[in-house]
Amino acid sequence: MVTKNSCPENVVFPEYEPKEFSLDERLNLITQLNPNYTWKYEQGVINLIPSKSVPELLNVKVKNFKVSNLYNLNLIIDKILQLPEVVESHKRLNLKQGIQFGGLQSPPSRRPQIEMIFKDKTLQEILNEVVRERGRGIWVYSESNYNGVDTFTLDFLVR
5 MVTKNSCPEN
15 VVFPEYEPKE
25 FSLDERLNLI
35 TQLNPNYTWK
45 YEQGVINLIP
55 SKSVPELLNV
65 KVKNFKVSNL
75 YNLNLIIDKI
85 LQLPEVVESH
95 KRLNLKQGIQ
105 FGGLQSPPSR
115 RPQIEMIFKD
125 KTLQEILNEV
135 VRERGRGIWV
145 YSESNYNGVD
155 TFTLDFLVR
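Using the numbering used here, the first residue of the sequence shown is number 5, and each one after it goes up by one.
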């Protein structure tokens with residue numbers, strides 16, 4: 005999910021039993037209640053994004069990025085936020101990094117570590133591919149303005 009200053013209100017979710025509707029119908033209800041958002045399904049990942057434009061930071065192209073431990077999402081976020089392209093872009097966009105809260109982390113896994121290598125991918129593509137490879141997850145990117153300071157946060161909520 006992506007939130008941005010152009011969509012300052014909180015996202016409203018319909019109050020229906022999930023089993024009453026298909027996934028497409030539920031997503032359509034969310035976007036009907038929140039017309040500033042749209043949803044896209046691409047290769048097994050659903051993105052709920054502002055309908056006018058994707059925030060610039062998510063479109064930053066990363067030349068090379070390697071993930072060795074796909075099951076430690078906090079580490080992945082930390083590494084992403086330290087990438088030179090990301091640091092340069094959030095400085096250029098005059099965005100300060102907000103407080104990162106983190107989400108629900110599963111206990112350490114005995115599964116073998118998976119290595120992923122990304123070349124010339126946008127930040128959004130990287131986040132989607134991490135979720136796709138893990139088989140589940142929710143990432144959230146948010147921009148806000150508080151007391152004249154533009155901030156951004158990036159977190160995985162469901163791990």
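Heads up, the beta-carbon is just placed ideally off N, CA and C, and yes, glycines get one too. In this text the structure is predicted, and so the values were computed from the model without any measurement.
Sub-8 Å separation of residue i and residue j beta-carbons
i	j	result
L97	T155	no
P59	E147	yes
N63	Q117	no
L158	L85	yes
E119	V71	yes
First through last residue of the alpha helix (DSSP H) which encompasses residue i
i	result
V91	P88 to R96
V135	L127 to R138
N32	L27 to L37
Assigned secondary structure, residue i (DSSP; H/G/I helix, E/B strand, else coil)
i	result
E46	strand
K83	helix
L77	helix
L99	coil
K70	strand
Pairwise C-alpha distance: residue j and residue i
i	j	result
P39	S55	8 Å
S57	N76	30 Å
I130	L61	12 Å
W43	T35	7 Å
I103	N151	15 Å
W143	G48	14 Å
N51	L31	10 Å
T126	V15	25 Å
Opening and closing residue of the beta strand (DSSP E) in which residue i lies
i	result
I142	I142 to Y150
I40	Here the sequence assigns Asn to residue 40, which means Ile is not the residue at that position. Element bounds for N40: n/a, residue is neither H nor E.
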